Amino acid sequence: MPAPRASQRISRYLHDTVVLVRFPGVDEYQEPASATPETEAVRGRLEYERRKITDASGQEVIAEGLLFLLPETVLDFRDHVRAEGRDWRILRIDRLRDLRGAGSHTEVYLI
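Residue numbering for the sequence shown is 3 to 113, as defined by my numbering.
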């Protein structure tokens, strides 16, 4: 029997439902392209953890939350995460791989 894929193993630990609020893009006038942003509910695991990280722009910041997602979850830095009654801004997205090079999970650092 083959070993389970890494994403199957981590899915056992994703007990929280979080909502991804998609960045709507901008029109030719640099205004939001849509008045109502698209949302998607996904499974994840949110941990409250303060950690000093380097964000996508190279600045050292303090992340207040760490969100674990399945590796196939599509996410952009301009998106927001809505969880536990709070809107979180994305600081960094790390897509981790297992020893075989397959996607293991995604770690999203939040503030």
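Don't be surprised by glycine CBs; every beta carbon is placed ideally from N, CA and C.
Remember, it's a predicted structure, so these values are computed and weren't measured experimentally.
Excluding its 5 nearest sequence neighbours in each direction, ARG24 has C-beta neighbours in its own chain below 6 Å: PRO39, GLU40 and ASP81, listed in chain order.
PHE70: member of the beta strand (DSSP E) spanning 62-71, first to last residue. Remark: fewer than three beta-carbon pairs, one from each stretch, lie closer than 8 Å, so the stretch 92-101 and the stretch 31-38 are not flagged as touching.
Residue nearest to TYR50 within the set LEU22, LEU101, VAL21 and ALA85 is ALA85 (criterion: CA-CA distance). In the structure shown, the three-state DSSP call for ARG24 is coil.
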